[in-house]
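Structural data, given as structure tokens:
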């Protein structure tokens, strides 16, 4: 079996293959390199601290055979996340990325980044929802309880350098008029711990809710909730009116298949929210349109991209079917949106130049003919002439498959965000470190 191992971490990785009790070879995958190896049975990836197994034999992964990709279980405290996906029946790829803390990944990004220059995954499970770090709440959860949880998170050691974009949209127009709903949201937010506070000396603070109608820098909103208000009527009762309700779109065409644009304080916001797709047969088209918006525009502008991977049409495109699919794709069934998006992300992260094709265009192959393999610990393994020959026959280093890393940015709302295998969120989060250039998008020059 041929396997390409793609190291997207900052550390060298030692690769060990084993076809029997005695048959074992070693090679090293440097950061941002790809090694192409013919594995007889299994492979282990290791650094100086741990060894983890990514067994490739059919017996171990019999339950994964029909999946186009899946996350590979690793040992506790592993510094990496591994993803495996099929190229064809005889060839697979293992993509290795850093294991980032999904609850506080923003803390390690620079303050100078605009929120439009981030990839922010968000839950859209038809519930009152906040950030994936704080969980999803059933529809009957009190709004005050959600706000209290957000306050607890943003004042914790883990969350104090994070930010939460909170999207609120009114769905109960038959119960409350728009002005009443807006007034209730304002009341709850102002009475919560997040709202403006008055000290014993009579001094008032602005609270922990960002209410300007512009896209802020990350450093401006650490430890705060950024309100994304898809409600508001005429802004009555809000300080500043419609310009004091946070990021506020003035247009939102219903289920626009082609997507639409609106302006927020001079910045273009590109939006895709085609949810009435009719049938699960439209899932492939839904995926193409909803992910295309995450790619950079042809010009040098830096728009905010907002896309919804969710969709719902009764009875042939219910939310679980759209997000998760059903049956056994490739045999009898349909692959859901989440799995398709994950496969697309893996292809781009793996350096495949055409985001809709899975035939990598490789540039610059270098045969590995090492006399010794140097481990991250500094130790080396001496190789025999037979082992060196085996290197030349089974391993080749690929110095990049495209000239640039993929640049994917946007706010991504999705249903069932833990599907499949809790692997989609880490892939979306990893995009925040990919395609960066010093001095561009607010990324530091040095």
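In the numbering used here, the protein residues as written are 4 to 449.
Ideal Cβ positions, reconstructed from N, Cα and C, are used throughout, including at glycine.
As the structure is a computational prediction, the values presented were derived from the model and not from experiment.
Roughly how many whole angstroms lie between the Cα atoms of residue 241 and residue 149?
Just so you know, the alpha carbons of residue 241 and residue 149 end up roughly 21 Å apart.
Please report the straight-line C-alpha distance between residue 9 and residue 96, rounded to a whole angstrom.
Straight-line spacing of the CA atoms in residue 9 and residue 96 works out to 7 Å.
Cα-Cα separation between residue 213 and residue 94, rounded to whole angstroms
Approximately 49 Å, taken between the alpha carbons.
Smallest Cα separation from residue 425: which of 90, 72 and 80?
Comparing Cα positions, the closest option is 72.
What's the C-alpha gap between residue 117 and residue 221?
If I take the Cα positions, the gap works out to 6 Å.
In three-state DSSP terms, what is residue 402?
Here residue 402 scores only 33 on pLDDT, less than 50, and its place in the model is too uncertain to base an answer on.
CB-CB length for residue 47 against residue 81, believed under 8 Å:
By a beta-carbon distance limit of 8 Å, residue 47 does not contact residue 81. Their separation comes to about 12 Å.
What residues match up with residue 146 in a beta bridge as DSSP calls it?
Looking at the DSSP output, residue 146 bridges to nothing.
Where does the unbroken alpha helix (DSSP H) through residue 189 begin, and where does it stop?
Note, residue 189: alpha helix (DSSP H), 181 to 194.
Can you tell me which of the three DSSP states residue 396 falls into?
Only weak support is given to the placement of residue 396: the predicted model assigns it a pLDDT of 33, under 50, and the value that follows is read from those uncertain coordinates. In this structure, DSSP gives residue 396 a helical state, which the three-state scheme calls helix.
Cβ-based burial, residue 353 [other Cβ within 10 Å; buried from 16]
Residue 353 is buried by the Cβ-count criterion.
Through-space distance from residue 436 to residue 308, alpha-carbon basis:
So the two alpha carbons sit approximately 17 Å from each other.
The beta strand (DSSP E) enclosing residue 271, as first and last residue numbers
Per DSSP, residue 271 belongs to the beta strand (DSSP E) from 270 to 275.
Report yes if the CB atom of residue 299 is closer than 8 Å to the CB atom of residue 419, and no otherwise.
For residue 299 and residue 419, no; Cβs fall outside 8 Å.
Short Cβ contact (8 Å threshold) for residue 123 with residue 168:
Taking 8 Å as the Cβ cut-off, residue 123 and residue 168 qualify as a contacting pair.
Return the chain-ordered list of same chain residues with a C-beta closer than 6 Å to the C-beta of residue 186, the five sequence neighbours on each side being excluded.
Cβ neighbours of residue 186 beyond the five flanking positions: 240.
What separation, rounded to the nearest whole angstrom, lies between the Cα atoms of residue 330 and residue 158?
Here the alpha carbons of residue 158 and residue 330 stand approximately 43 Å from one another.
Completely contained alpha helix (DSSP H) runs for the stretch 308 to 344, where each covers 4 or more residues:
The alpha helix (DSSP H) runs lying completely inside the stretch 308 to 344 and spanning 4 residues or more are 322 to 327, given in chain order.
Give the straight-line distance between the Cα atoms of residue 264 and residue 218, rounded to the nearest whole angstrom.
Cα to Cα, the separation comes out at about 15 Å.
Hey, residue 105 and residue 428: beta-carbon distance below 8 Å or not?
In this structure, residue 428 lies closer than 8 Å to residue 105 by Cβ.
Where does residue 36 sit, in a helix, a strand or coil, going by DSSP?
In the structure shown, residue 36 sits in a strand (DSSP, three-state: E or B).
Let me know if residue 1 comes out buried or exposed under the rule of 16 or more other beta-carbons within 10 Å of its beta-carbon.
Lying before the first or after the last residue shown, residue 1 is absent from the chain, which here runs from 4 to 449.
Residue 83 versus residue 270: straight-line alpha-carbon distance, rounded
Going by C-alpha positions, residue 83 is about 36 Å away from residue 270.
For a test of the three-state rule: what should DSSP assign to residue 367, helix, strand or coil?
Per-residue confidence for residue 367 stands at a pLDDT of 28, beneath the threshold of 50, marking its modelled position as unreliable; no derived number is given.
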